DNA sequence: GCAAAATCTGATATACCGTCAGATTCGGAG
DNA sequence: CTCCGAATCTGACGGTATATCAGATTTTGC
């Protein structure tokens, strides 16, 4: 992520004064709002501008296009996850492991519930190879990924996990589960599977893969 | 999936003759080709039409919009996965489990490598709630999901897995791994993690979660 | 109170969308 | 063959969004 203390600039690189910052923020909020109502593909710059009480020309002063605005939103969200996961990740030793896992799973679900529209676009663009979105995504998930990989290495060193497991690959696999939890919900709830089921099941999978043993 | 033997129709519901079928196919192929080069958002109907040697008006004869064309492509791809997985899913008993898992993981990676552009759009639209894309996705993954869930239930009945695990939720989690394998590759290969690592690691996670024990 | 800087917008050239009436092509009856 | 009706395709067009820029408006510092 770009240094969050670095001053905001417009498309020509000029730093923003207080009025401009506010306009930019209003445009971002409106974008986020619209994004929760329709697909990115259907969002028009004109619509963002009008809803934000300004003009299309102003929008282009701050963003290259709609996707560029979503990139800014993605940076915000990603920073938020960093903060949350930090406060939530504890020890993976014995009895604590399951609680740590539960906390992480819960944090991810809340994060995705809050930002699903933005994060979906982020992941699509990232998968499509866009370097900027890729960077944002990586920086957001990296701490989680590294923490998990490290823990797996430890379990491997103590003989709890087979050497054929590649720690980083396994960490990536588990992260995939976390990233798609929110999407499951709408698929699974009609089947009578609750959020609690989802958290507990995922947490146990995490523990099992990370420690090599099923939690007690 | 809609009955594949049902005759193709145009936007007004009229069945297609042989020339029309060919034109439609050419438009689909062109769409697929463009989709592998740029994001859906950037694909123009005009461009598809011209590259397919026809006119925009013709495109609209067969598809509502670009997304509608991708939906058709998604149906194709999904059918393909059904076929592949069918031939590849074997027994989860003891020594066979790991091979079965390897086969499934390998099939998914190949499937995503082949169709990533289409499948990404399918999943995005599905996550966004589009009923048609949702249906296609569900029908494609359902057999895998059900097979895994059933196997987990069995392990649970024999006491190998804790009752706190919800079989369908666990199956969904594992499917998430499968669905994102291809995306990992571009992230993990720069770190020196090979396709083989990925297959082996994921397969072992599958076995561990499904049977409750690490494979030998 | 006023000039300079910052911010915003009307106007516009350009491009795509999505439709329809009519042109073109095709297949088969005579 | 040739002609006709059905199938298929497209030119042309009105509507709308994009993206830019010169100039209008607002704010700031003095």
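Residue numbers (this note's numbering), protein chains in the order written: chain A, 560 to 775; chain B, 560 to 775. Beta carbons are placed, not taken as given, at the ideal position from N, Cα and C, and that holds for glycine. Quick caveat, the model's predicted, so the values are computed rather than measured.
DSSP beta-bridge partners of residue i
i                      : result
residue 615 of chain B : Per DSSP, none; premise fails for residue 615 of chain B.
residue 749 of chain B : Looking at the DSSP assignment, residue 749 of chain B forms no beta bridge with any residue, so it has no partner.
residue 574 of chain B : B:568
Partners in chain B for residue i, counting only beta-carbon separations shorter than 8 Å
i                      : result
residue 771 of chain A : 773
residue 527 of chain A : Residue 527 of chain A cannot be examined here, being either before or after the span of chain A that is shown, 560 to 775.
residue 658 of chain A : None at all; the shortest Cβ gap to chain B is about 13 Å.
Chain-ordered neighbours of residue i on chain B, where CB pairs are closer than 7 Å
i                      : result
residue 570 of chain A : None at all; the shortest Cβ gap to chain B is about 20 Å.
residue 739 of chain A : 735
Listed by chain order, chain A residues near residue i by CB distance under 7 Å
i                      : result
residue 742 of chain B : 686
residue 768 of chain B : 764 and 767
residue 736 of chain B : 732, 735 and 736
Contact list for residue i against chain B, beta-carbon separation under 9 Å
i                      : result
residue 644 of chain A : Correct list: empty, because the minimum Cβ distance to chain B is about 19 Å.
Under 8 Å from the C-beta of residue i: neighbouring residues of chain A
i                      : result
residue 707 of chain B : The premise fails here: residue 707 of chain B is roughly 12 Å from chain A at the closest Cβ pair, so nothing lies under 8 Å.
> If you measure beta-carbon to beta-carbon, which residues of the region 592-611 of chain B are closer than 8 Å to chain A?
Replying inline: 598, 599 and 600
> What are the uninterrupted segments assigned as alpha helix (DSSP H) that are 4 or more residues long and contained completely in the region 613-686 of chain A, given in chain order?
Replying inline: Those alpha helix (DSSP H) runs which fall completely within the region 613-686 of chain A and span 4+ residues are 615-621, 625-647 and 655-686.
>> Under 8 Å, CB to CB, which of the residues in the region 611-642 of chain B have a partner in chain A?
In response: 626
>> By the 7 Å beta-carbon criterion, what residues does the region 679-692 of chain B contribute toward chain A?
In response: The region 679-692 of chain B vs chain A, Cβ under 7 Å: 679, 683, 686 and 687.
> When you check each C-beta in the region 711-734 of chain B against every C-beta of chain A, which residues fall closer than 7 Å?
Replying inline: 721, 723, 724, 725, 727, 728, 729, 731 and 732
>> Using 8 Å as the cut-off, can you tell me whether the region 621-631 of chain A makes contact with the region 582-592 of chain A, which would need three or more C-beta pairs spanning the two stretches below that distance?
In response: Touching, per the Cβ criterion.
> Could you give the uninterrupted runs of the alpha helix (DSSP H) lying entirely in the region 577-612 of chain A, keeping only those of 4 residues or more?
Replying inline: DSSP runs (the alpha helix (DSSP H)) wholly in the region 577-612 of chain A: 577-594 and 604-610.
> Just checking, does the region 664-671 of chain A make contact with the region 669-679 of chain B on the three C-beta pairs under 8 Å criterion?
Replying inline: no
>> Across the region 706-718 of chain B and the region 644-662 of chain A, are there enough close Cβ pairs to call them in contact, namely three or more that are closer than 8 Å?
In response: no
>> I want to know whether the region 739-754 of chain B touches the region 748-764 of chain A - three or more CB-CB distances under 8 Å.
In response: Touching, no.
> Name the residues in the region 745-759 of chain A whose C-beta lies less than 8 Å from a C-beta of chain B; which are they?
Replying inline: 745, 746, 747, 750, 752, 756, 757 and 759
> Between the region 585-598 of chain B and the region 626-637 of chain B, are three or more C-beta pairs nearer than 8 Å?
Replying inline: yes
>> For the pair the region 717-726 of chain B and the region 763-774 of chain A, tell me if three or more CB-CB distances fall below 8 Å.
In response: As far as the Cβ criterion goes, the region 717-726 of chain B touches the region 763-774 of chain A, which means the pair count is three or higher.
> Should the region 686-699 of chain A be regarded as contacting the region 632-642 of chain A, the criterion being three or more beta carbon pairs within less than 8 Å?
Replying inline: Contact between the region 686-699 of chain A and the region 632-642 of chain A is present, because at least three Cβ pairs lie under 8 Å.
> Counting only runs that start and end within the region 679-740 of chain A, where is the alpha helix (DSSP H) found for 4 or more residues in a row?
Replying inline: 690-716
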